[in-house]
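Asks:
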Amino acid sequence: MWPEISRPVGHAWMRSSICWMPCGSFAGSRCRNHFNIGRSSTFAMDHFDQALNFIQAGRLDEARIYLEELLKQDPENVDLLYNLGMLYTDLGKPDMSITLLKQCIKLSPRHANAHVALGFAYMSSGDLMSAKEYTLQALKIVPNDPIALRNLGGILGKEKDFLNAFYHLQKSYDINPHDPQTVYGLAFAYKSLNDFENAEKYFKALLDMRSPDTLKELAREGLGEIAFKTLKSQGPRMDVVMYILSALETFKGKSTQKVKEITFEIGMLGRQGFEINDPTKKFTLRTLPGEFTALQLVSMMYTGFKLFEPSLDIGMDFSEEYGLALKLAQSEDLR
15 MWPEISRPVG HAWMRSSICW MPCGSFAGSR CRNHFNIGRS STFAMDHFDQ
65 ALNFIQAGRL DEARIYLEEL LKQDPENVDL LYNLGMLYTD LGKPDMSITL
115 LKQCIKLSPR HANAHVALGF AYMSSGDLMS AKEYTLQALK IVPNDPIALR
165 NLGGILGKEK DFLNAFYHLQ KSYDINPHDP QTVYGLAFAY KSLNDFENAE
215 KYFKALLDMR SPDTLKELAR EGLGEIAFKT LKSQGPRMDV VMYILSALET
265 FKGKSTQKVK EITFEIGMLG RQGFEINDPT KKFTLRTLPG EFTALQLVSM
315 MYTGFKLFEP SLDIGMDFSE EYGLALKLAQ SEDLR
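Following my numbering, the numbering of the sequence shown begins with 15 at its first residue and continues without gaps.
Written out as structure tokens, the structure is:
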């Protein structure tokens, strides 16, 4: 799946999971400019710092209380509008975020991060067109902002404009090659353009980086999809035919519930990543005796789904092999 766009962290911008990737958390480098509260400025700064501490600790609702109180005293403070606006998005209230961030931009039209944050808020509310509009405006202000470039790539990817998505993600990567969300987005863009060699390269690079588990799981899924796409480049795989035939025999006489248990266990195991070209029998199941190769398990999972949910698209196409296995099974039954 294309990553989710992310929001700025402080005066940069991070995060799930448009970079189409999971958003990150607030950073301590947020705006700390003036507070127009006269003699209360020290008090305001203390409360602002406390709000940031709550944000960093994940106590978002407590941070909101502090920031809302400060904004009541200083309603045109750009820093408060910006930070509280992003906080509302994280709290699942993008409409309130949009209102505050638009006011921030009205007071500070060249606040590039506020434009990126507003794009993220619109994306969170499901408005892809507005998300794109404000992300483009951010890039007019700061043409090489890597987060804005990454987010625009994510938006274009969701629009299925894969070539331009790739272009902006590549620019973001050239500026910030150590951002795992950008690496994932670039890998996904390569895969969407059927450049599997480079897609595999960047998915594998992501697995070697310090990155969220959710991204690593998506990278493994991407590698699995590439393996499946290249697996049958020379026609039907007869080893898969035999694995499916064996699975049909294994499932014969078992209840639908038992078939589901086996199939779902394989699916859960596969979330850790299957190297389907590895011939080693190194996998075991709780629901079945024996040891299995990755390709054997994937073939069994495909068979299981065909038996109890035949219309489900599980991301692989062994239909030709399945048809051949059924013919062999029928021939065996006639003997």
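We put the beta carbon where it would ideally sit given N, CA and C, even for glycine.
From which residue to which residue does the alpha helix (DSSP H) around E214 run?
Replies: Here residue 214 refers to the residue found at position 200 when the sequence shown is read from its first residue. It spans F210 to L221 - the alpha helix (DSSP H) in which E214 sits, taken as one unbroken run.
Asks: In whole angstroms, what is the alpha-carbon distance linking L221 and K230?
Replies: The residue labelled residue 221 in the question sits at position 207 within the sequence shown. The residue labelled residue 230 in the question sits at position 216 within the sequence shown. For L221 and K230, the distance between alpha carbons rounds to 6 Å.
Asks: Quick one, are the C-beta atoms of V312 and I276 less than 8 Å apart?
Replies: Position 298 of the sequence shown, counted from the start, is the residue given in the question as residue 312. Position 262 of the sequence shown, counted from the start, is the residue given in the question as residue 276. Not closer than 8 Å, so no.
Asks: Touch check for the region 174-181 and the region 140-152: three-plus C-beta pairs under 8 Å?
Replies: No: fewer than three Cβ pairs fall under 8 Å.
Asks: Rounding to the nearest angstrom, what Cα-Cα distance links V235 and E83 in this structure?
Replies: Taking the first residue of the sequence shown as position 1, residue 235 is located at position 221. Taking the first residue of the sequence shown as position 1, residue 83 is located at position 69. It should be noted that the sequence gives Glu, not Val, for residue 235. Cα to Cα, the separation comes out at about 45 Å.
Asks: Measure from the alpha carbon of L309 to the alpha carbon of each residue in E263, P303 and G287, then state which is nearest.
Replies: Taking the first residue of the sequence shown as position 1, residue 309 is located at position 295. Among E263, P303 and G287, the Cα nearest to that of L309 is on G287.
Asks: Considering only residues of the region 113-166, which uninterrupted beta strand (DSSP E) runs meet the minimum length of 3 residues and lie entirely inside it, listed in chain order?
Replies: Runs of the beta strand (DSSP E) inside the region 113-166: none found.
Asks: For M282, is the classification buried or exposed, using 16 other Cβ atoms within 10 angstroms of its Cβ as the cut-off for buried?
Replies: The residue you call residue 282 lines up with position 268 of the sequence shown. M282 should be labelled exposed.
Asks: Taking 6 Å as the limit between beta carbons, can you name the residues of its chain near F68, skipping five residues before and five after?
Replies: Numbered from its first residue, the sequence shown carries residue 68 at position 54. Contacts found: E76 and A77.
Asks: Can you give, in chain order, each stretch of the alpha helix (DSSP H) that sits fully within the region 216-294 and has at least 4 residues?
Replies: Listed in chain order, they are 227-245, 252-265 and 270-284.
Asks: Please look up how many angstroms separate the CB atoms of N165 and V130, rounded, as I've assumed it's under 8 Å.
Replies: Position 151 of the sequence shown, counted from the first residue, corresponds to residue 165. Position 116 of the sequence shown, counted from the first residue, corresponds to residue 130. The pair is a contact, with the Cβ atoms about 7 Å apart (cut-off 8 Å).
Asks: For S333, tell me which candidate among Y316, T196 and D88 has the shortest Cα-Cα distance.
Replies: The sequence position of residue 333 within the sequence shown is 319, counting from 1. Among Y316, T196 and D88, the Cα nearest to that of S333 is on Y316.
Asks: Rounded to whole angstroms, what's the CA-CA distance from N50 to L94? Just pull it up for me.
Replies: Numbered from its first residue, the sequence shown carries residue 50 at position 36. Numbered from its first residue, the sequence shown carries residue 94 at position 80. Since pLDDT at N50 reaches only 39, below the 50 mark, its modelled position is unreliable, and the value read off the structure follows with that caveat. Roughly 11 Å between the two C-alpha positions.
Asks: Touching or not, the region 177-197 and the region 205-222, by the rule of three or more beta carbon pairs under 8 Å?
Replies: Segments in contact, yes.
Asks: Give the DSSP-derived three-state secondary structure of E305 in the structure shown.
Replies: Taking the first residue of the sequence shown as position 1, residue 305 is located at position 291. Note: E305 maps to strand in three-state DSSP.
Asks: Note down the Cα distance separating F322 from L299, rounded to an integer number of angstroms.
Replies: Numbered from 1 along the sequence shown, position 308 holds the residue referred to as residue 322. Numbered from 1 along the sequence shown, position 285 holds the residue referred to as residue 299. Cα to Cα, the separation comes out at about 20 Å.
Asks: Indicate the three-state DSSP secondary structure (helix, strand or coil) for G38 in the structure shown.
Replies: One-based indexing of the sequence shown puts residue 38 at position 24. Residue placement at G38 cannot be trusted, given a pLDDT of 31 that sits under 50; what the coordinates show is reported in the next sentence. Three-state result, G38: coil.
Asks: Use the C-beta contact count for G168: other C-beta atoms within 10 angstroms, 16 or more gives buried, fewer gives exposed.
Replies: Counting from 1 along the sequence shown, the entry for residue 168 is found at position 154. Classification for G168: buried.
Asks: Throw me the rounded Cβ distance for the F265 and V273 pair, which I believe falls under 8 Å.
Replies: As a first step, residue 265 must be located in the sequence shown, where it is residue number 251. As a first step, residue 273 must be located in the sequence shown, where it is residue number 259. Contact flag correct, Cβ pair sits at about 5 Å.
Asks: Could you give the DSSP three-state label for F297: helix, strand or coil?
Replies: Your numbering for residue 297 matches position 283 in the sequence shown. Reduced to three states, the DSSP call for F297 is strand.
Asks: Quick one: is G99 buried, meaning 16 or more other Cβ sit within 10 Å of its Cβ, or exposed?
Replies: The residue you call residue 99 lines up with position 85 of the sequence shown. Buried.
Asks: Below 8 Å on the Cβ atoms is my guess for Y136 versus I112; work out the distance and round it to an integer in Å.
Replies: Your numbering for residue 136 matches position 122 in the sequence shown. Your numbering for residue 112 matches position 98 in the sequence shown. That belief holds up - the Cβ atoms of Y136 and I112 are roughly 7 Å apart, short of 8 Å.
Asks: Can you list, in chain order, the residues of its chain with a C-beta nearer than 8 Å to that of Q344? Leave out the 5 residues immediately preceding and following it.
Replies: Here the question's residue 344 lines up with position 330 in the sequence shown. If we look at Q344 and ignore the five residues flanking it on each side, it has no Cβ neighbours.
Asks: Looking only at its chain, what residues have a beta carbon closer than 8 Å to the beta carbon of L105, apart from the 5 residues adjacent to it on each side?
Replies: Counting from 1 along the sequence shown, the entry for residue 105 is found at position 91. Hits under 8 Å: L74, D75 and R78.
Asks: Assuming L183 and A203 are in contact, meaning their beta carbons sit under 8 Å apart, how far apart are those beta carbons, in whole angstroms?
Replies: Along the sequence shown, one-based indexing puts residue 183 at 169. Along the sequence shown, one-based indexing puts residue 203 at 189. Indeed they touch by this definition, with Cβ atoms about 5 Å apart.
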